[in-house]
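Counted the way the numbering used here counts, the sequence shown spans residues 1 to 195.
Structure first, then comments.
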Amino acid sequence: MSSGIFDLLVEQLQRLPGIGRKTATRLAFSIVDDPGMAKDFTRVLDMVWKKVGECSICRNITEKDVCDVCAGKSRSNSICVVHNPADMRAIEDAGLFRGRYFILHGVLAPLEGKGPEELGIGKLKRMVERFGTEEVILALDTTADGEATSSYLSRVMSGLDVKVTRLARGLPPGASVEFADPLTLTQAFQGRQRV
Ligand SMILES: [Zn+2]
């Protein structure tokens, strides 16, 4: 293998989130060192490229037109809106929710070309109507972009006959009041509960 191809491999690996040049180089050496690995990756990546796409209803990743969650009959009609499929998996794995999901695939970021259309807002509205949804739960990151997306979604949903809720926010376990940032502290106050 010429170093040119090796460098191309390093470049491609660096496209993955959380992978810097050093890690990409280490991973590339592992791939080159194992004669069968490149072939196995090629086979699986080719399948991913050809067969894995988005669910036409909720934008979950799936090999079918409609994903298993949307096709499921025993789920409630509530819809939990998340940024990405990994968030959905985390909520599923925790067994917290047995309704349906809608995946935005990002946050609202008009400057980066991510507007309502890219987030599939039209599909979300259609999904609410299709399932006769009574509650939409916004389970989005509490970053500035995530907050902006939540506010936007609650505005959009206010036109529909649906209750919009969001996850409780505030101090995480083990946090100190002294060092909490003002936004977290404000949310913790607003979300205070009777004890
Ligand atoms: Zn689906």
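Even for Gly, the Cβ is constructed at its ideal location relative to N, Cα and C.
Every value quoted in this text rests on a predicted model; they were computed, and no experiment measured them.
| Asked | Found |
| --- | --- |
| beta-carbon Thr133 near ligand 1 non-hydrogen atom, thresh 8 Å | no |
| Where Phe102 falls: helix, strand or coil (DSSP) | strand |
| Segment limits, beta strand (DSSP E) that includes Leu138 | 135-138 |
| Endpoints, beta strand (DSSP E) assigned at Val81 | 79-82 |
| Residues of its chain near Met127, where Cβ-Cβ distance is below 8 Å and the 5 sequence neighbours each way are ignored | Ile57, Cys58, Ile79, Arg100, Phe102, Thr133 |
| Residue span of the alpha helix (DSSP H) that contains Thr25, given as start and end | 21-33 |
| From Met47, Glu147, Asp34, residue whose alpha carbon lies closest to that of Thr62 | Met47 |
| Contact check, Gly170 vs Arg194, beta carbons under 9 Å | no |
| Collapsed DSSP secondary structure at Glu117 in the structure displayed | coil |
| Residue burial classification, Val52 (beta-carbon count within 10 angstroms, cutoff 16) | exposed |
| Assigned secondary structure, Gly53 (DSSP; H/G/I helix, E/B strand, else coil) | strand |
| Where the beta strand (DSSP E) through Val164 begins and ends | 163-166 |
| Below-9 Å beta-carbon distance, Lys125 vs any chain B residue | The structure shown contains no chain B; it is built from a single protein chain. |
| Arg89: CB within 8 Å of a non-hydrogen atom of ligand 1 | no |
| Thr220, DSSP secondary structure in three states | Outside the shown range of the chain (1 to 195) lies residue 220, about which nothing can therefore be said. |
| Sequence-distant residues of its chain with Cβ nearer than 8 Å to Gly30 (five each side left out) | Inspection of the sequence shows that residue 30 is occupied by Ser rather than by Gly. Answer for Ser30: Met37, listed in chain order. |
| Element boundaries [alpha helix (DSSP H), containing Ala180] | Ala180 -> no alpha helix (DSSP H), and no H or E assigned at all. |
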